[in-house]
Amino acid sequence: MNKYESFWQWFITIEQELHDNLEQDPDNWALLIQEQISLVHKDLVFDIPFEQKQNKHEFIISADGDATLFSVVDDLIECAPELKNWILVALRPRTNQMDQAIELDGLYLSYDDIFYQVHSYTLPLKLTIFIKDYDGKDQRYVHGYFLLFDTLIGERNVALYTETLGVHPYNTEDARPFVTLRDLFDELEKKELPQ
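In the working numbering, the protein residues as written are 124 to 318.
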């Protein structure tokens with residue numbers, strides 16, 4: 124049995140209980156799942172949004188932006204058995220919301236807090252990022268920006284078709300609101316990537 128099959132064999136043993144009781148003890152469930160998913164690869168992470176779709180939870184497995192691990196995530200998802208209570212998602216998906224926010228270790232960050240400048244109008248998009256209240260040192264802002272970027276255009280697109288040249292405190296009016304980056308990316312994707 125390979126490590127992918129081992130993970131799913133373990134997951135099957137807890138999946139009903141997890142589905143039914145996730146909100147009652149999310150931190151302990153998170154530790155338990157992270158411990159097991161790390162056995163597949165130490166850098167894989169996951170997310171299970173509380174909001175359900177048709178009485179099913181999404182189980183999002185992420186490479187945390189590391190494109191070299193995309194095949195590991197894809198293989199793990201491909202190896203999964205049929206799960207009646209779960210929608211499996213490879214990599215953080217695009218949400219198509221006009222505003223998204225996250226709370227990360229006490230930091231609240233939303234699309235409205237992030238701005239960008241573009242240095243190339245071809246893919247990969249080269250960007251400089253500016254974040255309100257960022258002091259240039261607190262890495263929660265940088266991590267939060269990348270998590271929100273994944274929700275804006277999808278983790279796969281962020282890793283393969285963008286390059287962040289720097290993240291800076293917001294100190295310029297010559298930058299665009301973050302959410303407008305989605306339309307720019309979509310326009311370039313239509314022109315440059317095979318459909």
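Idealized CB from N, CA, C, for every residue including glycine.
Next on the checklist: Helix, strand or coil, according to DSSP, for glutamate 181 in the structure here?
Outcome noted: strand
Next on the checklist: On the DSSP letters alone, give me the boundaries of the alpha helix (DSSP H) that valine 163 sits inside.
Outcome noted: 149 to 163
Item to check | For alanine 203, the three-state DSSP class (helix, strand or coil) | outcome: coil
Item to check | Nearest-angstrom beta carbon gap, phenylalanine 130 and glutamine 175 [assumed within contact, 8 angstroms] | outcome: Going by Cβ atoms, the distance from glutamine 175 to phenylalanine 130 rounds to 22 angstroms, so no, they are not a contact pair.
Checklist entry - Out of curiosity, what's the CA-to-CA distance linking glutamate 181 and serine 233? => result 22 angstroms
Checklist entry - Does the distance from the CB of threonine 245 to the CB of leucine 288 come in under 7 angstroms? => result no
Next on the checklist: Rounding to the nearest angstrom, what Cα-Cα distance links methionine 124 and glutamine 132 in this structure?
Outcome noted: 10 angstroms
Item to check | Local conformation of leucine 192 per DSSP, three classes | outcome: helix
Item to check | Three-state secondary structure assigned by DSSP to glutamate 174 | outcome: coil
Next on the checklist: On a Cα-Cα basis, can you pick out the residue from Trp152, Leu230, Phe134, Glu226 that is closest to isoleucine 200?
Outcome noted: Phe134
Checklist entry - Where do the N-terminal and C-terminal ends of the alpha helix (DSSP H) with glycine 229 fall, by residue? => result Here glycine 229 belongs to no alpha helix (DSSP H), and DSSP marks it neither H nor E.
Checklist entry - Quick one: is glycine 229 buried, meaning 16 or more other Cβ sit within 10 Å of its Cβ, or exposed? => result exposed
Next on the checklist: Taking the alpha-carbon of arginine 279 as reference, which of Gly188, Asp236, Asn151 has the nearest alpha-carbon?
Outcome noted: Gly188
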